[in-house]
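Chemist: In terms of our numbering, the sequence shown opens at residue 6 and continues consecutively.
No residue lacks a Cβ here, since even glycine has one placed at the ideal position from N, Cα and C.
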Amino acid sequence: MLAALLSGCISSAPQQATSSQAPAWNIAWQQHQLTVSALQNWRIRSKFGYVTNHDSGSAWLDWKQAGDDANANISGPFGVGAAQVISSTQGATLKQAGEQDLHATSADELTHHLFGWPFPIEQLRYWVRGLPAPDVRINSLTTEPSGLLSHLEQDGWVLVFTRYQNTAVGPLPGKIEASAGDLRIKLLIKEWFVTPDISAPHALRDER
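(1) Is K191 close to chain D? Criterion is C-beta to C-beta, closer than 7 Å.
(2) Going by DSSP, what residues sit across from G156 in a beta bridge?
(3) Could you give the DSSP three-state label for N216: helix, strand or coil?
(4) Less than 7 Å between C-beta atoms, sequence neighbours within five positions excluded: which residues of the same chain meet that for P176?
(5) With a threshold of 8 Å, are at least 3 pairs of Cβ atoms found where one atom belongs to the region 58-76 and the other to the region 36-43?
(6) Compute the beta-carbon to beta-carbon distance between D74 and S51, rounded to the nearest angstrom, for a pair I have assumed lies under 8 Å.
(7) Whole-angstrom Cβ separation of T172 and V141, contact assumed at under 8 Å?
(8) Which of the three DSSP states is assigned to W197 in this structure?
(9) I'd like to check one pair, T98 with A188: are the Cβ atoms closer than 7 Å?
(10) With distances taken from CA atoms, which of H156, N76, G54 and V163 is nearest K100?
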């Protein structure tokens with residue numbers, strides 16, 4: 006089942022956007038970035054699967070983001086049991102039942118300890134919203150005519166964004182496929198909760 010989940014990951018890249026395309030294409034993307042970047046408080050319930058040359062597994066991810074503060078709960082049959090990663094501008098902490106808390110300067114350091122490979126939580130904070138991470142070189146970026154990000158190469162990762170879901174703040178990704186070297190990850194977002202300044206929390210379900 007895991008092989009089926011990850012089959013076809015990054016199988017083909019969309020056509021690259023070029024400067025010769027209609028200006029409205031870029032304007033739509035710029036407007037979408039501004040709208041979604043303003044979303045600072047959100048929560049996702051999702052499932053992710055991963056495959057490397059030596060290992061594979063899957064887990065559930067319940068992630069709450071409030072400004073710069075993140076709380077990611079990871080659970081499932083991936084060999085380490087339930088874990089919680091809490092991060093802020095002051096650093097990050099990994100909590101596991103029966104284990105001493107581990108502290109690090111970044112959440113990525115802790116996920117590397119947890120999985121044996123880096124689960125890029127700091128970049129995913131942006132990628133999960135369909136945005137490139139700031140202050141990191143972008144090697145390639147492709148958007149749809151509607152202004153939604155479809156393909157991104159950044160910081161050694163290749164990402165494909167699909168199954169966008171309508172929310173109170175606009176379309177947000179429902180499926181993200183990512184690869185870096187021999188590592189492949191597929192994130193399926195089952196529920197989006199967003200809290201715009203002018204409305205109550207909004208949830209979406211996608212059981213595909």
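Modeler: On the basis of the supplied data:
(1) Absence of chain D from the displayed structure is noted, only one protein chain being present.
(2) Looking at the sequence itself, residue 156 is His, so the reference to Gly does not match. According to DSSP, H156 bridges with T147 and V165.
(3) With the chain covering only 6 through 213, there is no way to say anything about residue 216.
(4) Apart from the 5 residues on each side of it in sequence, P176 sits with its Cβ closer than 7 Å to the Cβ of L153, Y169 and Q170 in its chain, given in chain order.
(5) no
(6) The Cβ separation is near 19 Å, so there is no contact.
(7) The pair is not a contact, with the Cβ atoms about 25 Å apart (cut-off 8 Å).
(8) strand
(9) The sequence given here has Leu at residue 188, not Ala. Not closer than 7 Å, so no.
(10) The alpha carbon of K100 has as its nearest neighbour, out of H156, N76, G54 and V163, the alpha carbon of N76.
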